[in-house]
Amino acid sequence: MSIIDNRKAYHDYFIEDKYEAGLVLEGWEVKAIRAGRSNIKESYVVIRNGEIFIVGMHITALESASTHIHPDPTRTRKLLLHATEIDKLIGKVERAGYALVPLDLHYTKGRIKALIGLAKGKKQFDKREAEKERDWEREKARLIRAKG
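With this note's numbering applied, the sequence shown corresponds to residues 40 to 187, in that order.
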């Protein structure tokens, strides 16, 4: 069950591989995400000292849930992956020129997980080509519907 999607990532990048990662969150952040007050459009994933972090994910605090603390809506949050997956990602990002991009937040067995993608950047002509292909698929479906 998806909470929030990052459709812009599919527009800007070729997604090669996807990984599901856990998030290290505070209590008020979980409540705010469940209320739908999160945004991952401007966020990105970085690797520091063999650990993976998501930077720029914005979670707006609820008024009732965060009265006793002073929340930081864009703090850097740690992602939880297996060591073998982290090693594989480090190798691809540092040597092969890939980027790590958050694709969505979703629930798995009641826990909030992030889907991150191993991505290569698209050039402008690739974006135009993808748009033409999408338009052609839409037109083809329209023609088939009109015939039937």
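For glycine and all other residues, C-beta sits at the position ideal for the given N, C-alpha and C.
Quick caveat: nothing in here was measured; it's all calculated off a predicted structure.
CB-CB length for residue 98 against residue 141, believed under 8 Å: In the sequence shown, residue 98 corresponds to position 59, counting from 1. In the sequence shown, residue 141 corresponds to position 102, counting from 1. Approximately 13 Å separates the beta-carbon atoms of residue 98 and residue 141; this is outside 8 Å, ruling out the contact.
Helix or strand or just coil, what does DSSP make of residue 3? Residue coverage of the chain in this structure runs from 40 to 187, which leaves residue 3 outside it and unanswerable.
If I measure Cβ to Cβ from residue 119 and keep anything under 8 Å in the same chain, skipping five residues before and after, which residues do I get? Position 80 of the sequence shown holds residue 119. 60, 61, 62, 63, listed in sequence order.
Residue ranges of each beta strand (DSSP E) run of no fewer than 3 residues wholly in the region 111–158, ordered along the chain? 116–119, 138–147
Compare the C-alpha of residue 122 against each of 91, 135, 83 and name the closest. Reading the sequence shown from its first residue, position 83 is the one you call residue 122. With distances taken between Cα atoms, residue 122 lies closest to 91.
Given residue 89, which residues of its chain have a CB within under 8 Å of its CB, disregarding the five upstream and five downstream residues? On the sequence shown, position 50 is the one that residue 89 refers to. If we look at residue 89 and ignore the five residues flanking it on each side, its Cβ neighbours are 125, 129.
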